Amino acid sequence: MRRLFYLLPLVGFLALVAVFKWGLNHDPRLLPSMLIDRPVPEMSLAPLPGRPAESGLSTADLKGRVSLVNIYGSWCIACVQEHPYLMELKKAGITIHGIDWRDDPVEGAKWLKKHGDPYDRVGADPAPGRAAIDFGVTGAPETFVVDRNGVIRYKHIGPITPEVWKTVLGPIVQELSK
Amino acid sequence: MIAEIGHFALILALGVALLQAVVPLWGARRNDPVLMGLAGPASVVQFLLVAVSFAALTHAYVVSDFSVMNVFSNSHTDKPLLYKVSGVWGNHEGSLLLWITILALFGLAVSLFGGNLPPGLKARALAVQAMITVGFLLFILFTSNPFERLDPPPINGQGLNPLLQDPGLAFHPPFLYLGYVGFSMAFSFAIAALIEGRVDAAWARWVRPWTLVAWVFLTCGIVLGSWWAYYELGWGGWWYWDPVENASFMPWLAGTALLHSAVVVEKRDALKSWTIFLAILAFGLSLLGTFLVRSGVITSVHAFASDPTRGVFILGLLVIAIGGSFALYAVRAPSLKTGGLFAPISREGALLLNNVLMATGAGTVLLGTLYPLFADAFDLGKVSVGPPFFNSVFVPLMVPMVLAMAAGPFMSWKRADLMGVLGRLKLVLGLAVVAAGVTWFLEGGTAGPWWAAGGIGLAVWLFLGTLAEWAERVRLFKAPAEALGRARRLPRAAWGMTLAHAGLALFIAGATASSAWKQESVQSQKVGEAVTVAGYTFTLTDVRDVQGPNYVASTGTFEVTRDGKPFATMTPAKRTYKMPPRPTTEAAIVGTFWGDVYAVVGDKDPDGGYVTRLYFNPLVPWMWMGALVMVIGGLVSLSDRRHRVGAPTRARAGAKTQPAKA
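Read top to bottom, the protein sequences are chains W and D. Counting from 1, one number per residue, gives the positions in the first sequence under UniProt numbering. Counting from 1, one number per residue, gives the positions in the second sequence under UniProt numbering.
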């Protein structure tokens, strides 16, 4: 009986571990993306300067096919890191739209000229970045996966790396495209 | 090249640590002095290798070598040198390297200062210490390599989170880790004692000072963090019961309990298995804190980037280290021989009560911290547990503890006379009740929160009770002429206790007052307008932009007067950093004896005013002072001659009245 008493710490600890093991597979950060499985918020963003009027981004443009909405800015260094891979994705036939966030649209356009333009459509969302606030953007780069019906299905925070694409975003896009 | 040297040194350190984890243990079993003796030099080499690695990473930060991924992600050429250096541990990988460096440093301390330890105990403890190092080295090498290269190297880095660019927070992590990791000493010795199946006074005499070292650092670390939150977050609060704050507070509670129960082992040869349990618990909670912060299991403002691979790895470490220890405990602890028996009402009894309340306190903090996870796991919905839970559960637990704290030191070992003790404390009790009554009256009866009077009464009870015990020891009132001499001859450990308990009393007074009677005013203030808070009139005279090394600050100037007389000029600021572009608040604080005058300036309104927040935070300086006194108490106790390394044997040889212990 006395010996059992000394077992208590071990038993309590193992119970804790079981809960932790469960917790590791459940990212609590998924919670704040309130917009998951909701339609894209109403928006109508102007095109970047020097581009045709119809190249801006509005809610209706996101219907019809599966697309990525990528938040970038000319000031964003991690976006430079992610950019070459977005160009590759474009070559692979993925539809990507851009939102030039909290940026001088002139700079945003220059940046695309310099690094290449992976986007179908680009909307300018200069400071304070109203559309991005509606999306629940926390920083750049961030990427939303939007399905055919214009419903947000996933949000990725940070640069898209080949690994992120292969393990997370790619499979989601493939599944939605079926 | 230097980064590769750092990486390579870590791999070599892993090899040395593996050797140190196995060979001395085997040697101790076979009682082979050569194999046991390997532990000492191995821990020296291991430390040197880890230190080289740490120096290599620091070098990369100082020269801004952006070809190292870690430097690119967390540094920038514009940063002042201090924050380039503190950037080393301002991220997951670097802070882990700091963890390991400190772990190796403590191992080094055992081999340098442990000359008088029984060779078997020393060899086993160093082997256990090396096992922990192996675990963490594997973790850093496989999941979190700080020396990873980036090709091609970017021109500049992404900068350090501006909130972390602050002197208070620059030194917060090293202190915190010295505390966390310091508990590894008690842990390693506990495991070594379980393997040997023997816990004696010599064991406790070795474990206690190292626990005290860890406790002093952890206290400093927690207070630095709290102080930082107080002046940097700009809301005048100093504790938020955030999971990460709790992660540092739980080991503190367990470590404080351990400090007290180790005294009982040392002096009375009792409470052995309990002390061992606390030693495992204190370090276990430190590891748990590391897990919570780095695994992403719990969301927190402090959390490092969450990464499931890392989480699984640390969970594995946790299972091996803590699960293994508790398993060993379950097998070995029942057979530990217990020495001195004692009555429930005795010094031992009081210390045990303190221990149980401290451990329960740590348990409730753990429960509150993990409850959101439990609720989620058992499908009770997403919940968050806030300060109300902790205030209504943790605080009441501490009330009986503080009540017992003043009485405990009056009690004699083995069996004490409760009525006699209370008799000696009746004047203190009377004064405490009067203090509570006066507080109640000054508050205007029920106008203030009901608990404030109780909190002040408790603080007075503890403070005067502690002083009374000291006065009795030095016979201040019975033989005042000799009191000074007696005070000088009082053991340093007794001085330490008096200081630490008195410090806690100051802290309780400060915490109670600042929570109960904070006065604040939030408004839009135009230049030239005046606002009065708690008798202080703040006139906003100017707001201008000031250029800093890597930020632009919008700095406001307040001319503050009290009763028409000039009091101070305060210049709070709102900084906007360039890289990464984020704002921080720099509160202006002027401390007085009765409290802090605290001002924050915010954004500009469309109509030309500025959002200002003005506070009077009563007795907040008492809290910092109280914490400082506690730390000083710890240091004084540490300088007690019985803790001085090598001293115990000599001290005992000199004291003829003390019977020799086996």
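All C-beta atoms, glycine included, are put in the ideal place defined by N, C-alpha and C. Predicted model, so just to flag it, every value in this text is computed and none were measured.
Next item on the list: Tell me where the beta strand (DSSP E) around V319 of chain D begins and ends.
Entry: Here V319 of chain D belongs to no beta strand (DSSP E), and DSSP marks it neither H nor E.
Next item on the list: Could you name the residues of the same chain whose beta carbon sits closer than 6 Å to that of Q46 of chain D, not counting the 5 residues immediately before and after it, in chain order?
Entry: A13, V16, A17 and A104
Notebook entry, point to check: Sorted by chain position, which residues of the same chain lie with C-beta nearer than 6 Å to V223 of chain D's C-beta, five sequence neighbours on each side aside?
Noted result: A627
Next item on the list: Please report how far the alpha carbon of D542 of chain D lies from the alpha carbon of G556 of chain D, in whole angstroms.
Entry: 6 Å
Next item on the list: Answer with yes or no whether the minimum CB distance from A459 of chain D to chain W is below 8 Å.
Entry: no
Next item on the list: Could you tell me which of D:R268, D:Y610 and D:L431 sits nearest to G528 of chain D, measuring between CA atoms?
Entry: D:Y610
Item checked: Proximity winner among D:G236, D:F283, D:G255 and D:G90, relative to Q165 of chain D (alpha-carbon distances) -> D:G90
Note to self: With a threshold of 8 Å between beta carbons, is P9 of chain W in contact with chain D?
What the structure shows: yes
Checklist line | Contact belief for A170 of chain D with A39 of chain D at Cβ below 8 Å, rounded distance in angstroms | finding: Not quite, the Cβ-Cβ distance comes to about 35 Å (not below 8 Å), so this is no contact.
Checklist line | Own chain, CB closer than 6 Å to A553 of chain D, minus 5 neighbours either side, in chain order | finding: V546, A573 and R575
Checklist line | Near-chain D residues of the region 35-68 of chain W - C-beta to any C-beta below 7 Å | finding: none
Notebook entry, point to check: With L432 of chain D and A509 of chain D assumed to form a contact (beta carbons below 8 Å), what rounded beta-carbon distance in angstroms separates them?
Noted result: Note that residue 432 of chain D corresponds to Ala in the displayed sequence, not to Leu. With a Cβ gap of about 12 Å, A432 of chain D and A509 of chain D do not count as contacting.
Checklist line | M570 of chain D, DSSP secondary structure in three states | finding: strand
Notebook entry, point to check: Taking the C-alpha atoms as reference points, what is the distance between L484 of chain D and G465 of chain D?
Noted result: 20 Å
Note to self: With a threshold of 8 Å between beta carbons, is F20 of chain W in contact with chain D?
What the structure shows: yes
Checklist line | One or two residues paired with A588 of chain D in a DSSP bridge | finding: D:A599
Notebook entry, point to check: How would you write the range of the beta strand (DSSP E) that L540 of chain D sits in, first residue to last?
Noted result: Y536 to Q547
Checklist line | Proximal residues of chain W, C-beta to C-beta of Y61 of chain D below 8 Å | finding: The contacting residues do not exist; Y61 of chain D stays about 18 Å from chain W at best.
Check: DSSP three-state call for F616 of chain D: helix, strand or coil?
Finding: strand
Next item on the list: For Q165 of chain D, decide whether its Cβ has a neighbour in chain W, counting only Cβ atoms nearer than 8 Å.
Entry: no
Next item on the list: Measure from the C-beta of L86 of chain W to each C-beta in chain A and report whether the shortest distance is under 8 Å.
Entry: Chain labels in this structure do not include chain A; the protein chains are W and D.
Next item on the list: List the residues of chain W that I132 of chain D touches, going by C-beta distances under 8 Å, in chain order.
Entry: Ordered by position in chain W, no residue passes the 8 Å Cβ test against I132 of chain D, which lies about 17 Å from the chain.
Next item on the list: Within the same chain, show all residues whose beta-carbon is closer than 7 Å to that of V434 of chain D, passing over the 5 residues directly before and after it, in chain order.
Entry: none
Next item on the list: Please report the residue range of the alpha helix (DSSP H) in which H156 of chain W lies.
Entry: No alpha helix (DSSP H) contains H156 of chain W, which is instead part of the beta strand (DSSP E) from V151 to I157.
Next item on the list: Quick one: grab the DSSP three-state call for T369 of chain D.
Entry: helix
Next item on the list: Work out the CA separation of T275 of chain D and Y180 of chain D for me, nearest whole Å.
Entry: 18 Å
Next item on the list: Return the Cβ separation of A270 of chain D and T219 of chain D in integer angstroms, given the expectation that the two are a contact with Cβ distance under 8 Å.
Entry: Incorrect: roughly 27 Å between the Cβ atoms, too far for contact.
Next item on the list: Check whether the Cβ atoms of R153 of chain W and L169 of chain W lie closer than 8 Å to each other.
Entry: no
Notebook entry, point to check: Apart from the five residues just before and just after W75 of chain W, which ones in its own chain have a Cβ nearer than 7 Å to its Cβ?
Noted result: D103
Check: Do L68 of chain W and F135 of chain W come within 8 Å of each other at the CB atom, strictly closer than that value?
Finding: no
Next item on the list: With a threshold of 16 other CB atoms inside 10 Å of the CB of G437 of chain D, please say whether the residue is buried or exposed.
Entry: exposed
Next item on the list: Evaluate N246 of chain D with the Cβ neighbour count: other Cβ atoms within 10 Å of its Cβ, from every protein chain shown; 16 or more gives buried, anything less gives exposed.
Entry: buried
Check: Hey, would you say R475 of chain D sits closer than 8 Å to A416 of chain D, going by beta carbons?
Finding: no
Next item on the list: For L373 of chain D, return the contacting residues in chain W, with the cut-off set at a CB-CB distance below 7 Å.
Entry: V19 and G23
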